[in-house]
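> As you go down the protein sequences, you meet chains W and P in turn. Mapping of the first sequence onto the numbering used here: position 96 corresponds to residue 99, and the numbering continues sequentially without gaps. Mapping of the second sequence onto the numbering used here: position 306 corresponds to residue 309, and the numbering continues sequentially without gaps. Each residue gets a CB set at the ideal place from its N, CA and C atoms; glycine is no exception. There's a structure below that I have some questions on.
Number of protein chains: 2
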Amino acid sequence: MMMTSDWLTSRVQASPQKTALIIGEQQWTYAELDQKVNRVCARLVDAGVESGDFVGVLMPNCLEYVCLIHALARLGAILVPLKTRLSAAELQWQIEHVGCKLVLYSEELVDELSIVNSQWSMVNESWLDGDLSLTINNCQLTIDNYQAVVFTSGTSGKPKGVPLTFNNHFYSALASGYLLGVLPDDVWLSCLPLYHVGGLAVIWRSCLYGTAVNLHPRFILEDVNRALDSLPITLISLVPTMLHRLLETRRHWPASLRLILLGGAAAAPELVERANGLERKQLTIDNCQLSIVNSPLVAPTYGLTEAASQLATMTPAEAAQKPGSVGKPLLFTGVEIVDENGRSLPPNAYGEIVVTGPTVIAGYFNAQRITDSDSSFNPHPSSFHTGDIGYLDDDGDLWLVQRRSDLIVSGGENVYPAEVEAALKRHPAVANACVVGLPDAEWGQKVAAMVQLLPEVSLTESELLAFCRDRLARYKQPRLLKFVSELPLTASGKIARQEVMAQLADD
Amino acid sequence: MMMTSDWLTSRVQASPQKTALIIGEQQWTYAELDQKVNRVCARLVDAGVESGDFVGVLMPNCLEYVCLIHALARLGAILVPLKTRLSAAELQWQIEHVGCKLVLYSEELVDELSIVNSQWSMVNESWLDGDLSLTINNCQLTIDNYQAVVFTSGTSGKPKGVPLTFNNHFYSALASGYLLGVLPDDVWLSCLPLYHVGGLAVIWRSCLYGTAVNLHPRFILEDVNRALDSLPITLISLVPTMLHRLLETRRHWPASLRLILLGGAAAAPELVERANGLERKQLTIDNCQLSIVNSPLVAPTYGLTEAASQLATMTPAEAAQKPGSVGKPLLFTGVEIVDENGRSLPPNAYGEIVVTGPTVIAGYFNAQRITDSDSSFNPHPSSFHTGDIGYLDDDGDLWLVQRRSDLIVSGGENVYPAEVEAALKRHPAVANACVVGLPDAEWGQKVAAMVQLLPEVSLTESELLAFCRDRLARYKQPRLLKFVSELPLTASGKIARQEVMAQLADD
Chain W
4 MMMTSDWLTS RVQASPQKTA LIIGEQQWTY AELDQKVNRV CARLVDAGVE SGDFVGVLMP
64 NCLEYVCLIH ALARLGAILV PLKTRLSAAE LQWQIEHVGC KLVLYSEELV DELSIVNSQW
124 SMVNESWLDG DLSLTINNCQ LTIDNYQAVV FTSGTSGKPK GVPLTFNNHF YSALASGYLL
184 GVLPDDVWLS CLPLYHVGGL AVIWRSCLYG TAVNLHPRFI LEDVNRALDS LPITLISLVP
244 TMLHRLLETR RHWPASLRLI LLGGAAAAPE LVERANGLER KQLTIDNCQL SIVNSPLVAP
304 TYGLTEAASQ LATMTPAEAA QKPGSVGKPL LFTGVEIVDE NGRSLPPNAY GEIVVTGPTV
364 IAGYFNAQRI TDSDSSFNPH PSSFHTGDIG YLDDDGDLWL VQRRSDLIVS GGENVYPAEV
424 EAALKRHPAV ANACVVGLPD AEWGQKVAAM VQLLPEVSLT ESELLAFCRD RLARYKQPRL
484 LKFVSELPLT ASGKIARQEV MAQLADD
Chain P
4 MMMTSDWLTS RVQASPQKTA LIIGEQQWTY AELDQKVNRV CARLVDAGVE SGDFVGVLMP
64 NCLEYVCLIH ALARLGAILV PLKTRLSAAE LQWQIEHVGC KLVLYSEELV DELSIVNSQW
124 SMVNESWLDG DLSLTINNCQ LTIDNYQAVV FTSGTSGKPK GVPLTFNNHF YSALASGYLL
184 GVLPDDVWLS CLPLYHVGGL AVIWRSCLYG TAVNLHPRFI LEDVNRALDS LPITLISLVP
244 TMLHRLLETR RHWPASLRLI LLGGAAAAPE LVERANGLER KQLTIDNCQL SIVNSPLVAP
304 TYGLTEAASQ LATMTPAEAA QKPGSVGKPL LFTGVEIVDE NGRSLPPNAY GEIVVTGPTV
364 IAGYFNAQRI TDSDSSFNPH PSSFHTGDIG YLDDDGDLWL VQRRSDLIVS GGENVYPAEV
424 EAALKRHPAV ANACVVGLPD AEWGQKVAAM VQLLPEVSLT ESELLAFCRD RLARYKQPRL
484 LKFVSELPLT ASGKIARQEV MAQLADD
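So, in structure tokens, the structure goes:
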């Protein structure tokens, strides 16, 4: 018997009355969610969606989005979550790249976009409360089917599509659960976007565990703080920027909180220490004040879209003892450090991080391959080369030295310099450009660019920034621009990135 | 990539320093256990054990047994756990039935047996501390391989071999963990024999979770109580008889205990209520006494060897609200109630319990089939007919009415022993009762009861029969009553119905 991929159906049978989702003041059980998903299924079928179709979704985190995730899975259609911050040109490219049959959007996000056409369909509350409902039991769907194609910033200009199977999510949820613990009353506060694997994974994980998600449209400091103080939140996923902002406002953690999963960028040991040092809420019982034992809370993690989120995670107790490491690879995940020739390196030697295991994708999206017979598409390759540099210590704990050469991580989002450089160079006045990440207290890193103009042209900073706004998502746009007559070069004639970084940091 | 079945290797990579096993005053980490398993592997290979061989094990619960379980899995050999209380003839039959290449035993268990021959090999401590060690990485082993053939008592004379795959255990562990919760510091007290699926499953579950097992040779009241009072036990598997005996001696549960998994026989609601009513240990902090909130602890479960242990389990909170039910089927497990023609029945109708899902075996051991090409042996049939009678209520909760083999048919009327037993147990002088059907010339079967009275009470047969007359239809009333000081029990602590039947038939 092949395992089903319609996990919501399995979950509803196992625990229909447990809370599935909490958004703001509202909450829904798994049975209630299931009913709404059946209505969404009817709408999708009405719109012509069939098993194997790619469906783009351009929406903020909301109930409708969660229902769409389950409904597409139930129909065997493949979710293509689109970043809400992309420019019209970026969106159009991704939609065409995978060949979306349909793009679903919520009104507020496409007001300014001129790309809505007959292929687009607006989702609103009526999708969840209509008279039509479709109960589907699709036995053909198995765990090896694709659940989503999530885009990551590419190193060579264009983003890459990461095709995640249900199997990838299944083993990610399992290994994460066994490592961090699962309790029947867990409530996971998720303020990461659902188009990010870190947000998407929380939905599947909680559905498999039968636990609740407290979903936020995005990280709004007051709302997250209010949820922490009013709901029995036990787990929360954060990127360092968010944790930083929470620490600025909170005097204690709620007693219910048992773990902060900290990913998306290298976590400074000081940040982890500060978060662990914040006291848990005190309880008062019969005039007797009881301090909850302040066991550490923060679990630093190293994740990749290509590995369905967490790859290695350190438990809070270990992280407090060994600050800076991201811990051991998850159960069934293998990590190897290799040199430039692909040879395996011993402990403590720096090299490229290579990962294997059931959460790792077979390869990037390739329109030709993915539509071929699945049997020719080996669902798991022997290994995935991350491009990130790190080492394994004597205990087998992983240390992340540097993200793929020049990757910039700003507010938890990956920005590949090549993509920003390509956009800059498209301006007719630009001869060359070099983009680097500079340290930033709030965002971790900020995007900075050094630009060499063609001779005898004139261009202002604001003109070039306006040019970027049409082509790049907001978080990718340079915060700092410097015009130079010539970019610094290395002896071999390549752009001297370290030198560019040093000069920009001086400014 | 196929999933490996060498879970100890995966576990050691993920958490080598976590505690794996606690026996008495000794404990071992996963890394330490792994080293011992490598030594056992060397011994097994030396004894000629190869992948695909069946290996009998006749030992009490001990470190050596746990090492053998992992070592056989690592070699791809199949464990045949032999009940320690069998007669020589019964053992011989089972060993020949599966065709064991080797039988491993510990000295104390075969003293009186005359069956030891060259096929038998004695295991002692030297197996764990020898110089020889074998590190094996057998990539050919997958989750679809057989882990063990466990014998169950057959209803029709000979025991049946239940071939369990790693896949069966994998999904059992997953669904159990997501239902009952997994915490990184869990310690599972296991006093069920390892030849019983309830004992065996705890080993695999804990290995996958990365948590600890506190293993007891068997249920020895003082030892179990001592462990509860000195170790941070969080979970314990018990059958009703064991729980009953614990309740007679304990004044409170330790604060660490979060769940009692109660299986192996129908749990009387009164027993569950008494166990839930026992207070948790009180903590004293700075002269301030704090009572731990007495949330319910007991999770009644309905398990089958044929489904790798739990099939349906009710969480403690639900069980306290709905005493008598065994709860909903586990995640990915399906339960249907069918009539005699195999037709599906609606809620609340009595019928045979039919189960589907990834924990369910493909069929009983059949020497011919199992040695054939595995591809012809469908690893999961569409359904398994349990032979047990029950119903699903409107909420989807399962109620176990009767194990079918015990059903008494008297004068054309169905009599469920459980109902008669419940009536007898309602008498204040009755401690326990077992009801069986005896052959009867006139009625086909007649109802017979063996009754254990509470100490130092007096009750006559006619008084108890009069008590029954008020509570049971005429055809359900016992025609034969026997008072005993103690009901006969099986090795795993269940009432030995066959023995009761034999004794009553003799009278």
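(1) Note down, in chain order, each residue of its chain lying with its Cβ closer than 7 Å to the Cβ of R500/P, except the 5 sequence neighbours on either side.
(2) On a Cα-Cα basis, can you pick out the residue from D189/W, A50/W, W31/W that is closest to V69/W?
(3) Can you tell me which of the three DSSP states K479/W falls into?
(4) Mind reading off the beta-carbon distance from K86/P to A494/P? Whole number of angstroms is fine, and I expect it under 8 Å.
(5) So if DSSP puts N217/P in a beta bridge, which residue, or which two residues, is it bridged to?
(6) Express the C-alpha separation of G202/P and D56/W in angstroms, rounding to a whole number.
(7) Any contact of the segment 139-155 of chain W with the segment 44-62 of chain W, i.e. 3+ C-beta pairs under 8 Å?
(8) Starting from the beta carbon of Y149/W, find every residue of chain P whose beta carbon is closer than 7 Å, and list them in chain order.
(9) Looking at the unbroken alpha helix (DSSP H) that takes in N170/P, where does it start and where does it end?
(10) Among P420/W, V363/W, L490/W, L224/W, which residue has its Cα nearest to the Cα of A176/W?
(11) For the structure I just gave you, are there three or more beta carbon pairs, one from the segment 321-332 of chain P and one from the segment 391-403 of chain P, closer than 8 Å?
(12) Do P361/W and Y174/W count as a contact pair if the criterion is CB distance below 7 Å?
(13) I need the straight-line Cα distance from A91/W to V113/W, nearest angstrom please.
(14) If you drop the 5 nearest sequence neighbours on each side, which residues of the same chain put their C-beta closer than 8 Å to that of L89/W?
(15) If distances are taken between C-alpha atoms only, which option among L457/W, A311/W, G102/W, T304/W comes closest to P1/W?
(16) Check each candidate in W130/W, Y394/W, Q95/W and name the one with the smallest Cα separation from N120/W.
(17) Near Q20/P, which residues of its chain fall below 7 Å by C-beta distance, leaving aside the five closest residues on each side in sequence?
(18) From L167/P, N217/P, D232/P, pick the residue whose C-alpha is nearest to that of P257/P; which is it?
(19) Three Cβ pairs or more, each shorter than 8 Å: is that satisfied between the segment 219-235 of chain P and the segment 261-275 of chain P?
(20) Along the beta strand (DSSP E) that carries H199/W, what are the first and last residues, could you check?
(21) Please determine if the segment 208-218 of chain W and the segment 178-189 of chain W are in contact, where contact requires at least 3 C-beta pairs separated by less than 8 Å.
(22) Output yes or no for whether 7 Å exceeds the beta carbon distance between L78/P and L36/P.
(23) Measure the alpha-carbon distance for N369/W versus V152/W and round it to whole angstroms.
(24) Could you tell me which uninterrupted alpha helix (DSSP H) segments, each at least 4 residues in length, are contained entirely in the segment 312-383 of chain W, listed from first to last along the chain?
(25) Quick one: which chain P residues come within Cβ less than 8 Å of G399/W?
(26) Give the C-beta separation of L260/P and L300/P to the nearest angstrom, bearing in mind that I take them to be a contact with Cβ-Cβ under 8 Å.
(27) Would you decide whether R429/P is buried or exposed? Buried here means 16 or more other CB atoms lie within 10 Å of its CB.
(28) Name the chain W residues that come within less than 7 Å of E318/P, Cβ to Cβ?
(29) Tell me the rounded alpha-carbon separation between E416/W and D147/P.
(30) To which residues does DSSP link S413/P through a beta bridge?
(31) Can you name the residues of chain P whose CB is closer than 7 Å to the CB of Y212/W?
(32) Among D342/W, F387/W, A80/W, A469/W, which residue has its Cα nearest to the Cα of Y394/W?
(33) For the beta strand (DSSP E) containing T493/W, name the first residue and the last one.
(34) For N120/P, which three-state DSSP category applies?
(35) What residue ranges within the segment 21-68 of chain P form continuous alpha helix (DSSP H) runs of no fewer than 4 residues, ordered along the chain?
(36) Under 7 Å between the Cβ atoms of V60/W and L107/W?
Taking the coordinates as given:
(1) D409, C437, V439
(2) W31/W
(3) helix
(4) 6 Å
(5) I25/P, L192/P
(6) 46 Å
(7) yes
(8) Simply none; closest approach about 17 Å.
(9) 169-183
(10) V363/W
(11) yes
(12) yes
(13) 9 Å
(14) Q97, A476
(15) Given a span of 4 to 510 for chain W in the structure shown, any question on residue 1/W remains unanswerable.
(16) Q95/W
(17) T32, A34
(18) D232/P
(19) no
(20) From DSSP, H199/W is part of no beta strand (DSSP E); its letter is neither H nor E.
(21) yes
(22) no
(23) 11 Å
(24) 319-324, 370-374
(25) Q16, P19
(26) 6 Å
(27) exposed
(28) Residue identity check: residue 318/P is Thr in the sequence provided, not Glu. Near T318/P (Cβ distances below 7 Å), the residues of chain W are P187.
(29) 40 Å
(30) E416/P
(31) Y181
(32) D342/W
(33) Unbroken run through T493/W: none, as it is neither H nor E.
(34) coil
(35) 33-49
(36) yes
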